[in-house]
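**Student:**
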Amino acid sequence: GETGSEDPMGADLDWKHRRRRQAGRAPESRPPVVEPRKACGGPLAPMPAVKLDVPTMVQLDLPNVEMICRASYQAELTELSRQESALAVHRREQDLAAKRRNRMQAAAWRRSCERREREMQRRKVSLLLEQEANEELEELD
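If you count the sequence shown from 1, position 89 lands on 89 in UniProt numbering, and the numbers rise without skipping.
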């Protein structure tokens, strides 16, 4: 380097001193600014200088991502709860229908059991009467 402190690996150790010296020079002595160019060779349009601080960002009418996320989440929850309530209504209807079917079935079974019981009682009575009649006939003989 210029001051003699040179790295054996080739690293520039005098950059701070050089930077201080360059700061005092006239602007003409600086290296020319390399203009960015398009692939076709023409100069690029300069980037618009945009310096936004937080208050300006708030003033701009940008879509609030958090609000959008919250709204879509809320809409999804509402839709889910609507589907769940529709499902609950459907299940309740199905449950009531099943209970009604079960009650009807139980009543039918009860009626058939009672009919069977009455029939058995009739048979018993007729059998007893028949036995008594037979015994009386035997006594008469």
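Here a beta-carbon is modelled for each residue, glycine too, at the ideal position from N, C-alpha and C.
Express the C-alpha separation of S112 and D95 in angstroms, rounding to a whole number.
**Tutor:** Approximately 26 Å, taken between the alpha carbons.
**Student:** Go to N64, then tell me how far its alpha helix (DSSP H) extends in each direction, as first and last residue.
**Tutor:** Premise fails: N64 is in no alpha helix (DSSP H) and is neither H nor E.
**Student:** Just verifying my parser: in three-state terms, what is the DSSP assignment at D141?
**Tutor:** It is coil, neither helix nor strand.
**Student:** Return the CA-CA distance between N102 and R91, expressed in angstroms with no decimal places.
**Tutor:** Near 16 Å, if we compare the C-alpha coordinates of R91 and N102.
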